[in-house]
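Engineer:
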Amino acid sequence: METQYPDDKYVLVFKTNLHFKDMKKIEPVLNAEKKIICWNVDLTDCDNVLRIESDGPHTKEMIAILTKEGYACEELID
């Protein structure tokens, strides 16, 4: 699911297989991505939801980043 806010920010929402032990590996990868403004993972949710605030609708790029790192990632749609 992607939502555009008035100040040209997008919120991208993904179902992942990330767990607490994966945070140290994925944190530097996501922090290094210039298209990401901020991100968080809800590890208490059954879908381990990754929310990314981005400067554009970069859904495919975000999925590719997680997939390249060996994680499952799919867009959550309303």
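For the record, in the sequence shown the residue sitting at position 20 is 20 according to full-length UniProt numbering, with numbers rising by one throughout. Where is the CB? At the ideal position from N, CA and C, for every residue including glycine.
May I have the straight-line CA-CA distance separating Leu-76 from Lys-34, to the nearest angstrom?
Structural biologist: Numbered from 1 along the sequence shown, position 76 holds the residue referred to as residue 76. Numbered from 1 along the sequence shown, position 34 holds the residue referred to as residue 34. Taking the straight line joining both Cα atoms gives about 22 Å.
Engineer: Any idea if Ile-37 is buried or exposed, counting beta-carbon neighbours within 10 angstroms, 16 or more meaning buried?
Structural biologist: Residue 37 sits at position 37 when you count from the first residue of the sequence shown. It is exposed - the Cβ of Ile-37 has fewer than 16 other Cβ atoms within 10 Å.
Engineer: I need the straight-line Cα distance from Glu-69 to Ile-26, nearest angstrom please.
Structural biologist: Locating residue 69 in the sequence shown gives position 69, where the first residue counts as 1. Locating residue 26 in the sequence shown gives position 26, where the first residue counts as 1. Approximately 8 Å, taken between the alpha carbons.
Engineer: Since Ala-72 and Asn-17 are thought to touch, with beta carbons under 8 Å apart, how far apart are those beta carbons, to the nearest angstrom?
Structural biologist: As a position in the sequence shown, residue 72 is number 72, starting the count at 1. As a position in the sequence shown, residue 17 is number 17, starting the count at 1. Correct: roughly 4 Å between the Cβ atoms.
Engineer: With a CB to CB cut of under 6 Å and the five nearest residues on each side skipped, what residues in its chain are close to Leu-50?
Structural biologist: Translated into the one-based positions of the sequence shown, residue 50 becomes position 50. These residues qualify, in order along the chain: Phe-14, Thr-16, Val-41.
Engineer: With H, G and I counted as helix, E and B as strand and the rest as coil, what does DSSP make of Lys-15?
Structural biologist: The count along the sequence shown starts at 1 and reaches residue 15 at position 15. Reduced to three states, the DSSP call for Lys-15 is strand.
Engineer: Using only the alpha-carbon positions, how far apart do Asp-78 and Leu-12 sit?
Structural biologist: Residue numbering aside, residue 78 sits at position 78 when the sequence shown is read from its first letter. Residue numbering aside, residue 12 sits at position 12 when the sequence shown is read from its first letter. Going from the Cα of Asp-78 to the Cα of Leu-12 covers about 12 Å.
Engineer: Using the Cα positions of Asn-48 and His-19, report the straight-line distance between them to the nearest angstrom.
Structural biologist: The sequence position of residue 48 within the sequence shown is 48, counting from 1. The sequence position of residue 19 within the sequence shown is 19, counting from 1. C-alpha separation (whole angstroms): 7 Å.
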